[in-house]
Every structure is written in structure tokens, then in C-alpha cells.
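*Asks:*
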């Protein structure tokens, strides 16, 4: 029996736009086991961004239950959510989101600062992580001195360095060419083989197919399997 | 954590050097104004106080014109005033301006002061070389004099003048001592002129044909806490002497002058601080504006930091730190500029300018307070940014 890492039950998310209330997520049930690599596939406007925000604890659902690593998320306040994000989630963004004024070493250290890791230890951990990503000789480089693929590896290092329960990737290859994108996917497989749980949100079904399981989302409704449309 | 905040803030300030400088210009001007004004005013007043203090405390100055029938003060009046309870001594003051001839040179407009032994006892640090006038000189009308250091430099040019003779209005006077400038005397402080030569006052009365004293310093005991009763008694004596005639005399009580100076100082300081506060207010608004722009510019960064687990409070601390650092930086620059201006003013006005730690503390405190007050709203705004909106705005 695989261990359930993430479990969502009857998740509803509504936004009020003007007078009108719009239901973006419609009674979603979704769960992920430890060590899984899952893709959430959907076109823009399907609700996949909202889904990612809720999985990533950036937002709370209007109703429903969300249990992440044994903790009930739905009722948490901003401070608790910040702690959960720091501890449980490793974000990988489409546009990398590196601080351009800081070296890549400092960028990778950033989540460790918020985790209150000592200066010495976080330096060691960040350096070791970048070393592993093949960037060990570029620790003092600034993001704009690196190629897109290298920048995404810095971003992945930053996501993994805190040892989170989930790597949450939002269109991780969106800003990369095909070859570099393939290398990043290779890296995802490696990380998954090491036992890391990965949730990847994408509109590209070829990228989505790298995952062990594909979940489709369309118009706020989620369905398992199938890779036809999207 | 604070260390990180300071480092990040510093990087951000350095990143936009020109903008940061323009932002803190208001603070720099405000603090410069506070420091310069307070320091210069304090220096001026301290300087005046020191002059008054050296001779002034426990001293009364009488300027007695008297009435047409009773002009000035007679020897008997002087004795009676000296006998008043609490009076420890009196020093009559009489002066005239003459020309002095020596070895073929004429020295014009030389101020000759008539003094008694009490004056020299009271101002014992006045004598640089030799001795002052003593009771035997005064009572015996000895032809001895004390000259000022300025006069010595002008006339004797490095020679030791003690023991030499000079001719004063046809009489030969032996020099027994050299005095320091003479500007410590309350009289010269009031009149603005400095004495060149001191001789026994009775000699000068004879030489000028006066038999009345018009100006007198009265020294009061320093044992009494409150010397009002002494000045009251002196006033009483003079009123009786001149039949309560208006403007027959003027009595200057140095202690109350000192108190007045202190009042003026605190009033000036308050007024100047109020004015400078307006500059600080304007500076604070500048900082608030800059911080709001900074929050908008760094929306994505704030969103990212929050996504990575920064608590809202931490974001707030970071932006507040930046606002405080900006304004304290302005404060420090203001202190440096302000002190520089003060020292230049001091050099120009030829007064000693002490560093006022109070003013410095005020400058730092004020600028830090401005940073906290005007940085609070932008920092709050940053901390309340929704990370989703922030990240979406890419």
C-alpha cells in the first residue's frame, strides 16, 4: 500500500469578479502518493494555475479538504502557509524566478535562510547542491551570466535544497528550447528515481508524457488518464 | 536574519545610488540644519557664558550716573557699599584714552584703566608676568602699572617690560606686571574695549581730575544660595542715595543675565528644531515615496520570497530595515555636513565649537524615527502582497 502524500477531497475554488461569482475548480478529488511523478495537463484557462496555487499552498480553497504530508492546509493562515511552503514545497517556475542581483549560490541559499538554517550550513548545502547540478565552478556567477538551461538548473537546485516533500513545477520547460527542455526532463527523472515526488503542471502533452501518471484538467474538472486533446 | 535584511537593504540602496541619494537629500538637509544650527547656537552661547562665568557669577555691576546734584559715587559711598552684608569686595572702574610717547614713537588711543587690588585678587589668573596691583599700591597711590600682553607685544617687542618705566600723562610709572588681554573684565565685556594699562584707580582719578566713581563691580559672597538679598540691599542703598530718581543708575546682576542666556538658548534650540523638523517631514515623505516605488518594482521578488517561505513579517522587516537604513544614512551624512558647517562657522566667528553629542543623538534619533514612521506603510504593503498576484505579474 503506497503512502499518500497529498490528498484533496471535494476542492472548490471560487473567485468573485465584479458581481459575478465564478467557480474555477469544481469539486476536485485528487491525490498523489509518495515518490510519484504526476503531470497535470490542461490548456490555459482550464484552472490548472489555480490548482497549482492550491497544491503549492499559495492559496487556500473556498471549500474542501486538503491534507499535505499529514497536515490540514485548508484553514491555515498566511504565516502557517509560509512555513508549509518553505518546508514541504519546492517550486520550479517557467521563468526560473532567480534574483538577478544575487549570485546563484545566494539564490539557492534563499529558502534555507527562511528555514533558519545557520549561515555556514546553508552555504555548504547550497554549494553541494549546485555542485551536483554541474554548476560547482560557477557559484559566484549571476543568473544573467548563465544559459537558460543552467538557470533552470539553479532554480531546480533552489527547489530541492530544502528537501521538500513535493517538487512543484509550473511549465518547467516553457522558456527553454527542445534540447535543453529534454535535459531538464532527464533531470526530473533522476530526481524521481531518487524517490522525490514531482507534480508538473503543463499544457504540453509531450512534456506531460514524461510523468508516470497524467491527470487532465478542463474547465475546472479533473479526470484521470488519456492524453488525446489538451 | 536581521543581518540578511541589512545586507539585502544595503545591496538595494547601492544598486540605485543616484535614486537613493536624491531620496535621502531631504533627510540630509533636515539633519544638517538641526546639527549646524544647534551646534553653532550652543557654541555661541557657551562662549558668551564662559566669558560671563569667569568673572560674572556672584558679581553686580553698577553704572551710576547719579543726579546733577549727586554725581556718581563718592569714597564714602564706596565704603558703605563695601560694608553691605554679603558683599565681599568692590572694584571701582575708571578709564580714559591717552597717547603714550616712548623712545620717539607715539602710541595713540591707549586705554588706561584705574583699578584696585580687589580686582586683581578676584581675577588672579589675569597676571601672566610679575604681579598685579596690591593694597599698598592703591592706598599709597604708587606710580606702578600693569600692562596688557597686547600692549607689551606692541611696545616692547620681546623685551621683558617688568621693571621698566613708561610715561603716563607726564608721570613716570614703573611696570610691575603683564596681564592677559584684559577682556575677562565685565567692564570691557560690556564696553567692548580692552584695557592696555592698569594703574591704581586713585591715581587715574587725580590725573583726570575726577573725584567721583561712575562704574563699580560689586563682588558677593559665594556662600549664599540666593544672593537676591545682597542685590536688593545694594539697590536700596542706591535708591536712597539718589532719591529714587529714574535712570540715575543701572544695576546689572550677572546671575540673572546668565539665566536669561540659558532661556534664550533653550528657546532658540526649540525654535530651530521645530523648523528643521519640517525639513525632516519632507524628507520622510520622500522616503515613503521611494519605498512605495520600490515595493511596486519588486513585486515579483516579494512574491518569490513569499513562495519560498518568507513570513509576511519578515518581508515587512526587510522593507522597514531598508527605509530605516536609508534615512539613518541620510542622518549620518547630515551630521557630517552639519558639523563641517559648524566648524567653518566657528573658525569664521573665532569661537570654539564643541561637538554637541545631544545634537548628534537628536539627528540619528530623528532620522531613525522618520525611517520607521514613513517606512511603515510601504513595508506593510509589501508584506500584504499576495504571492499569486505578485508572481503572475511577470
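Residue numbers (this note's numbering), protein chains in the order written: chain A, 1346 to 1575; chain B, 70 to 463.
Ideal placement from N, C-alpha and C gives every residue a C-beta, glycine not left out.
At what residues does the beta strand (DSSP E) containing residue 167/B begin and finish?
*Replies:* Locating residue 167/B in the second chain gives position 98, where the first residue counts as 1. First-last of the beta strand (DSSP E) with residue 167/B: 156-171.
*Asks:* If you drop the 5 nearest sequence neighbours on each side, which residues of the same chain put their C-beta closer than 6 Å to that of residue 89/B?
*Replies:* The residue labelled residue 89/B in the question sits at position 20 within the second chain. Answer for residue 89/B: 82, listed in chain order.
*Asks:* Can you pull the chain B neighbours of residue 1431/A, defined as C-beta to C-beta under 7 Å?
*Replies:* The count along the first chain starts at 1 and reaches residue 1431/A at position 86. 377 and 378, listed in chain order.
*Asks:* When you check each C-beta in the region 74-102 of chain B against every C-beta of chain A, which residues fall closer than 7 Å?
*Replies:* Residues passing the 7 Å Cβ filter: 80 and 84.
*Asks:* Give a yes or no on whether the minimum CB-CB distance between residue 1403/A and chain B is below 8 Å.
*Replies:* Walking along the first chain from the start, residue 1403/A turns up at place 58. Judged by the 8 Å Cβ criterion, residue 1403/A is in contact with chain B.
*Asks:* So, residue 1369/A versus residue 1395/A, is the Cβ gap smaller than 8 Å?
*Replies:* In the first chain, residue 1369/A corresponds to position 24, counting from 1. In the first chain, residue 1395/A corresponds to position 50, counting from 1. Contact flag set, yes.
*Asks:* Tell me, to the nearest whole angstrom, how far the beta carbon of residue 269/B is from that of residue 202/B; I am working on the premise that it is less than 8 Å.
*Replies:* The count along the second chain starts at 1 and reaches residue 269/B at position 200. The count along the second chain starts at 1 and reaches residue 202/B at position 133. The pair is a contact, with the Cβ atoms about 6 Å apart (cut-off 8 Å).
*Asks:* How is residue 71/B classed by DSSP in three states: helix, strand or coil?
*Replies:* The residue given as residue 71/B occupies position 2 in the second chain. In this structure, residue 71/B counts as helix in the three-state DSSP scheme.
*Asks:* When the Cα of residue 452/B is compared with those of 408/B, 209/B and 369/B, which residue comes out closest?
*Replies:* As a working mapping, residue 452/B is identified with position 383 in the second chain. Residue 452/B has its Cα closest to that of 369/B, out of 408/B, 209/B and 369/B.
*Asks:* Can you tell me the Cα-Cα spacing of residue 245/B and residue 198/B, whole angstroms?
*Replies:* The residue given as residue 245/B occupies position 176 in the second chain. The residue given as residue 198/B occupies position 129 in the second chain. Each residue's alpha carbon lies about 8 Å from the other.
*Asks:* Mind checking which residues open and close the beta strand (DSSP E) that includes residue 1372/A?
*Replies:* Taking the first residue of the first chain as position 1, residue 1372/A is located at position 27. Start and end: 1365-1378.
*Asks:* Can you have a look at residue 430/B and say buried or exposed, based on whether 16 or more other CB atoms are within 10 angstroms of its CB?
*Replies:* Counted from its first residue, the second chain places residue 430/B at position 361. Exposed: under 16 other Cβ atoms inside 10 Å.
*Asks:* Identify the residues that DSSP records as bridge partners of residue 130/B: which are they?
*Replies:* The sequence position of residue 130/B within the second chain is 61, counting from 1. Bridge partners of residue 130/B: 286/B and 321/B.
*Asks:* Please decide whether residue 1424/A counts as near chain B, where near means a Cβ-Cβ distance under 8 Å.
*Replies:* Working through the first chain from its first residue, we reach residue 1424/A at position 79. So, interface residue.
*Asks:* Exposed or buried, residue 182/B, counting other C-beta atoms within 10 Å across all chains shown (16 or more means buried)?
*Replies:* Sequence index remark: in the second chain, residue 182/B carries index 113 (1-based). So residue 182/B counts as buried.
*Asks:* Beta-carbon of residue 1446/A versus every beta-carbon of chain B: anything under 8 Å?
*Replies:* Taking the first residue of the first chain as position 1, residue 1446/A is located at position 101. With 8 Å as the cut-off, residue 1446/A counts as an interface residue toward chain B.
*Asks:* In the DSSP assignment, what are the bridge partners of residue 268/B?
*Replies:* Here residue 268/B refers to the residue found at position 199 of the second chain. Looking at the DSSP assignment, residue 268/B forms a beta bridge with 183/B.
*Asks:* Would you tell me roughly how many angstroms separate the C-alpha atoms of residue 374/B and residue 1455/A, rounded to the nearest one?
*Replies:* Mapped onto the second chain, residue 374/B falls at position 305. Mapped onto the first chain, residue 1455/A falls at position 110. When rounded, the distance between both Cα atoms is 8 Å.
*Asks:* What three-state label does DSSP hand residue 1486/A in the structure shown?
*Replies:* Within the first chain, the letter at position 141 stands for residue 1486/A. Residue 1486/A: coil per DSSP, three-state reduction.
*Asks:* From 1418/A, 1554/A and 1529/A, pick the residue whose C-alpha is nearest to that of residue 1493/A; which is it?
*Replies:* On the first chain, residue 1493/A is found 148 positions in, with the first residue counted as 1. Minimum Cα distance to residue 1493/A is reached at 1529/A.
*Asks:* Using alpha carbons as the reference points, say which of 283/B, 282/B, 299/B and 284/B lies closest to residue 290/B.
*Replies:* By one-based count along the second chain, residue 290/B stands at place 221. It is 299/B whose Cα lies nearest to the Cα of residue 290/B.
*Asks:* Hey, does residue 1399/A have any beta-carbon neighbour from chain B nearer than 8 Å?
*Replies:* Reading the first chain from its first residue, position 54 is the one you call residue 1399/A. So no, residue 1399/A is outside the interface.
*Asks:* With 8 Å as the limit, tell me which residues of the region 358-371 of chain B have their beta carbon closer than that to any beta carbon of chain A; keep them in chain order.
*Replies:* Residues 369 and 370.
*Asks:* Tell me the rounded alpha-carbon separation between residue 1382/A and residue 1568/A.
*Replies:* Translated into the one-based positions of the first chain, residue 1382/A becomes position 37. Translated into the one-based positions of the first chain, residue 1568/A becomes position 223. Their Cα atoms are separated by approximately 16 Å.
*Asks:* If you reduce the DSSP assignment to three classes, tell me which class residue 246/B lands in.
*Replies:* Within the second chain, numbered from 1, the residue matching residue 246/B stands at position 177. Correct three-state label for residue 246/B: strand.
*Asks:* Considering only residues of the same chain and omitting the five flanking positions on each side of residue 92/B, which have a CB-CB separation below 7 Å?
*Replies:* As a position in the second chain, residue 92/B is number 23, starting the count at 1. Hits under 7 Å: 355, 356, 359 and 395.
*Asks:* Closer than 8 Å is the cut-off here; do at least three beta carbon pairs connect the region 334-348 of chain B with the region 147-166 of chain B?
*Replies:* They do not touch, by the three-pair rule.
*Asks:* Can you list, in chain order, the residues of its chain whose CB lies under 6 Å from that of residue 206/B, leaving out five sequence neighbours each side?
*Replies:* Here residue 206/B refers to the residue found at position 137 of the second chain. 213 and 269.
*Asks:* Do you know offhand how far residue 236/B's Cα is from residue 116/B's?
*Replies:* Numbered from its first residue, the second chain carries residue 236/B at position 167. Numbered from its first residue, the second chain carries residue 116/B at position 47. Residue 236/B and residue 116/B: Cα-Cα distance of roughly 37 Å.
*Asks:* Mapping the DSSP letters down to three states, classify residue 1541/A as helix, strand or coil.
*Replies:* Taking the first residue of the first chain as 1, we reach residue 1541/A at position 196. Coil.
*Asks:* Helix, strand or coil for residue 1359/A, going by three-state DSSP, please let me know.
*Replies:* Translated into the one-based positions of the first chain, residue 1359/A becomes position 14. Residue state, collapsed to three classes: strand.
*Asks:* Can you name the residues of chain B whose CB is closer than 9 Å to the CB of residue 1517/A?
*Replies:* As a first step, residue 1517/A is located in the first chain; it is residue number 172 there, counting from the start. Going along chain B, no residue has its Cβ under 9 Å from residue 1517/A, so there is no contact; the nearest lies around 15 Å.
*Asks:* Three-state secondary structure (DSSP) at residue 14/B?
*Replies:* Outside the displayed span of chain B (70 to 463) sits residue 14/B, for which this structure offers no information.
*Asks:* Scan the region 383-412 of chain B for residues whose Cβ lies nearer than 9 Å to a Cβ of chain A and list them as they occur along the chain.
*Replies:* Listed by position, the residues of the region 383-412 of chain B near chain A (Cβ gap below 9 Å) are 383.
*Asks:* Buried or exposed for residue 381/B, please, with buried defined as at least 16 other CB atoms from any protein chain shown within 10 angstroms of its CB.
*Replies:* Within the second chain, numbered from 1, the residue matching residue 381/B stands at position 312. Classification of residue 381/B: buried, given that the 10 Å Cβ count is 16 or more.
*Asks:* Could you tell me whether any Cβ in chain A is nearer than 8 Å to the Cβ of residue 373/B?
*Replies:* Position 304 of the second chain, counting from 1, holds the residue named residue 373/B. Taking Cβ atoms only, chain A reaches closer than 8 Å to residue 373/B, which makes this a yes.
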